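Just so you know, UniProt numbering puts 54 at position 54 of the sequence shown, and the rest follows in order with no gaps. Heads up, the beta-carbon is just placed ideally off N, CA and C, and yes, glycines get one too. Bear in mind the structure is a predicted one, so any value in this text is a computation, not a measurement. Presented below is the structure to which this report refers.
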Amino acid sequence: MSCGNVANQPSLCDYSRECLRTISVIWLCNLGRSPTMARRISFSTICILVLVLAGCATTPQSADEATALQADPAAKDYRHFQCDHSFQSCGHVPYEELLANCKFEDAEACRVLGMAYLDGPLATDATRARTFLRRACEFDSPQACHNLGEVLVGQNAPDEAAKLLTRACKADVAPACASLADLLRDRKSVDGWQATALLHYRDACQAGVEPACTALLEFMEKDTAQVIEQLQQRCDSGQLRECAVLGALYHNGVAVEADKERGLALLEKACNRGEQLACQELGVIEFNAPFKGGDADSVDVSGLIPPLKRACEAGSGWACFRLGLFHHRGMGVSADVDRALELYEAACQADHTQACNTLTELLLQGGHGVTAAPKRAAKLYLDRCHGGDLDACYSFGALYLHGQHLPKDLDHAYNVFRATCGRGHGDSCTSLGVMHAVGQGVPQDFEKSHKFYKMACDENHAMACANLGSLYMLGDGTEQDLDEAKRLFEFACERGESQGCMRLQMIEQMKASQQ
1 MSCGNVANQP SLCDYSRECL RTISVIWLCN LGRSPTMARR ISFSTICILV
51 LVLAGCATTP QSADEATALQ ADPAAKDYRH FQCDHSFQSC GHVPYEELLA
101 NCKFEDAEAC RVLGMAYLDG PLATDATRAR TFLRRACEFD SPQACHNLGE
151 VLVGQNAPDE AAKLLTRACK ADVAPACASL ADLLRDRKSV DGWQATALLH
201 YRDACQAGVE PACTALLEFM EKDTAQVIEQ LQQRCDSGQL RECAVLGALY
251 HNGVAVEADK ERGLALLEKA CNRGEQLACQ ELGVIEFNAP FKGGDADSVD
301 VSGLIPPLKR ACEAGSGWAC FRLGLFHHRG MGVSADVDRA LELYEAACQA
351 DHTQACNTLT ELLLQGGHGV TAAPKRAAKL YLDRCHGGDL DACYSFGALY
401 LHGQHLPKDL DHAYNVFRAT CGRGHGDSCT SLGVMHAVGQ GVPQDFEKSH
451 KFYKMACDEN HAMACANLGS LYMLGDGTEQ DLDEAKRLFE FACERGESQG
501 CMRLQMIEQM KASQQ
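Structure, rendered in structure tokens:
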């Protein structure tokens with residue numbers, strides 16, 4: 001008997017799997033609390049035995065599904081693809097297994113399949129992509145809601161897209177907040193859209209979404225009066241978050257004439273009523289106050305601990321990071337490395353990039369009272385990668401490329417870079433170009449190297465442009481073109497890439513020798 005051969009009706013395998021899933025949930029929920037745990041574990045063991053004895057080791061699927069998968073080249077393609085954008089499939093997880101997991105309400109498996117059909121490695125199929133992403137969103141994957149929202153924006157379905165992006169934004173998916181603000185700005189169909197867009201741009205910008213910061217500045221220049229008016233109206237009606245934003249604008253003199261007293265009053269009003277954003281802003285103001293005179297050495301650092309703690313507890317990654325530095329260095333408090341690491345991690349979870357980088361570097365290298373823990377650092381990179389941080393994805397792949405802190409795995413590194421390059425990450429595309437140019441883990445192929453360098457150079461990546469110039473200079477993977485090589489070297493050199501400057505001198509010497 002095999003579950004894969006039974007169609008249209010539940011089998012012993014199906015019931016046994018559901019039994020095991022149920023007991024697993026019960027076991028996890030009651031771990032360490034229930035006096036009947038031994039009986040539950042015994043029952044789960046019975047479930048496992050039934051699965052094995054019944055021949056249920058294969059993935060459950062109907063006969064129709066099995067036939068379709070065998071005929072579908074996508075299934076074969078997926079087996080050869082190690083990692084997709086979320087890296088959930090690292091380790092050659094086959095298409096069928098992801099499909100089965102998706103059926104069992106595994107949101108990430110559904111999202112992985114949706115993204116695979118959206119932009120690779122599976123053949124593009126927008127209908128399948130939407131189906132899998134919608135299921136993942138329904139299974140409470142905010143990232144999938146964001147992905148599907150982006151798809152629907154491109155397919156001119158703004159109303160449904162707005163609902164999905166709103167859901168993802170409320171779950172702290174920062175790029176979704178930026179996309180939602182873009183949608184509001186483009187449509188201009190909702191009353192008070194200016195203030196709402198401002199809030200979403202601000203949230204995304206604070207979380208490190210750089211295009212949102214640029215859009216925020218442009219937006220404030222064009223719609224200042226409407227934004228301030230709408231924020232004031234909402235604040236007057238008791239919406240505390242709007243009071244906090246308005247208070248910060250007045251205190252800092254952004255888009256309005258500075259009025260520190262009015263700004264502080266609005267912030268204190270909102271903070272006293274429980275608005276964390278206002279408390280965070282007040283903590284930053286209190287922290288900066290002693291430094292206004294410019295003499296940092298005269299500051300009593302211990303007096304900065306309370307406002308930092310207040311802001312950190314309100315969710316400020318900036319405050320958690322600085323509080324972590326004080327604990328790490330023993331400034332104003334007793335040195336406590338473990339507490340410092342906790343604060344760095346809290347700041348990183350609040351999307352403070354410097355805190356994330358500090359924490360992962362300490363865990364990779366050790367020192368400064370910290371014991372090296374490269375696997376934990378890799379996990380942090382992976383978690384941030386799952387959250388959409390492409391730099392973290394790249395760093396995760398680089399660990400396997402160089403093999404300094406984790407076992408070297410060039411196949412793994414290549415596939416991570418490939419997925420991240422496909423989303424426009426210049427460092428990843430450049431690394432792929434280098435791997436193909438020198439034959440590192442892949443056959444040497446200058447044409448592929450040219451392709452990846454060009455992808456990165458088109459995004460103004462200076463090192464990629466310098467390397468692309470070298471291919472033109474030497475005629476590797478393309479016809480020799482010294483003029484194009486010189487142009488690329490000049491471009492890279494102007495952007496501070498030393499290799500571009502050095503190669504520019506070489507190309508000038510080559511051209512001179514040919515005259």
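Cβ-heavy atom distance, leucine 304 to the ligand ADP, below 7 Å: The ligand ADP is not part of this structure, which contains no ligands at all.
For leucine 363 and arginine 384, believed in contact at Cβ under 8 Å, the rounded distance: Their Cβ separation, rounded to whole angstroms, is 13 Å, which puts arginine 384 and leucine 363 out of contact at 8 Å.
Distance, cysteine 145 Cα to residue 538 Cα: The question about residue 538 has no answer, for the chain in this structure spans 1 to 515.
DSSP beta-bridge partners of valine 370: Answer is Gly367.
N-terminal and C-terminal residue of the alpha helix (DSSP H) that histidine 251 is part of: From DSSP, the alpha helix (DSSP H) with histidine 251 extends over 240–252.
C-alpha distance - leucine 304 paired with aspartate 338, whole-angstrom precision: 20 Å
Simplified DSSP state of valine 442, which is helix, strand or coil: coil
Top-ranked residue by Cα proximity to alanine 335, from Glu345, Gly324 and Gly154: Gly324
Nonlocal neighbours in the same chain, by C-beta distance under 7 Å from glycine 315, ignoring five residues either side: Taken in chain order, the residues that qualify are Gln276, Gln280 and Ala350.
Chain B within 8 Å of serine 513, Cβ atoms only: Given the protein chain composition of this structure (a single chain), no chain B is represented.
As assigned by DSSP and simplified to three states, the class of methionine 463: helix
Burial state of asparagine 467, where buried means 16 or more other Cβ atoms lie within 10 Å: buried
7 Å Cβ shell around threonine 358 - same chain, five flanking residues per side excluded: Cβ-Cβ distances below 7 Å link threonine 358 to Tyr344 in the same chain, with the five nearest sequence neighbours on each side left out; the list follows chain order.
C-alpha distance - leucine 341 paired with glutamate 150, whole-angstrom precision: 36 Å
Three-way DSSP call (helix, strand, coil) for alanine 171 in this model: coil
Status (buried if at least 16 other CB within 10 Å, exposed otherwise) for aspartate 295: Unreliable positioning characterises aspartate 295 in this predicted model, as indicated by a pLDDT of 44, which lies under 50. The coordinate reading is nonetheless provided below. By the neighbour-count rule (16 or more Cβ atoms within 10 Å), aspartate 295 is not buried but exposed.
Nearest-angstrom Cα separation, counted from threonine 360 out to glutamine 505: 38 Å
Simplified DSSP assignment, three categories, for glutamine 404: coil
Euclidean distance between Cα positions of lysine 511 and cysteine 137: 58 Å
Expected contact under 8 Å - CB spacing of cysteine 465 and alanine 437 to nearest Å: With a contact defined as Cβ atoms closer than 8 Å, cysteine 465 and alanine 437 miss out at about 14 Å.
Inter-stretch contact (C-beta, 8 Å, three-pair minimum) for the region 426–436 and the region 449–465: Because the criterion of three Cβ pairs below 8 Å is met, the region 426–436 and the region 449–465 touch.
Exposed unless 16 or more other CB atoms sit within 10 angstroms - verdict on residue 523: Because the chain is modelled from 1 through 515, residue 523 falls outside the range shown and cannot be assessed.
Supposed contact pair alanine 244 and alanine 265 - C-beta distance, whole angstroms, cut 8 Å: The pair is not a contact, with the Cβ atoms about 12 Å apart (cut-off 8 Å).
Among Ala107, Lys103 and Lys163, the one whose alpha carbon lies nearest that of phenylalanine 139: Ala107
Boundaries of the alpha helix (DSSP H) in which residue 524 is found, first to last residue: One cannot answer for residue 524 here, as it falls past the ends of the chain, which runs 1 to 515.
Cα-Cα separation between glutamate 447 and glutamate 479, rounded to whole angstroms: Going by the C-alpha atoms only, they are around 11 Å apart.
Residues near alanine 319 in its chain [Cβ-Cβ closer than 6 Å; skip 5 each side]: Excluding positions up to five away in sequence, the list reads Gly283, Leu308, Ala311 and Cys312.
Burial state of glycine 263, where buried means 16 or more other Cβ atoms lie within 10 Å: buried
Three-way DSSP call (helix, strand, coil) for methionine 331 in this model: coil
Per-residue burial, lysine 260 [other beta carbons within 10 Å of its own, 16 or more giving buried]: exposed
Distance, leucine 198 Cα to glutamate 490 Cα: 39 Å
Close-in-space but distant-in-sequence residues of the same chain around glutamine 226 (CB under 7 Å, 5 per side omitted): Gln194
Top-ranked residue by Cα proximity to leucine 216, from Leu184, Ala157 and Gly403: Leu184
Contact belief for proline 175 with valine 153 at Cβ below 8 Å, rounded distance in angstroms: No, proline 175 and valine 153 are not in contact; Cβ-Cβ is about 12 Å, not under 8 Å.
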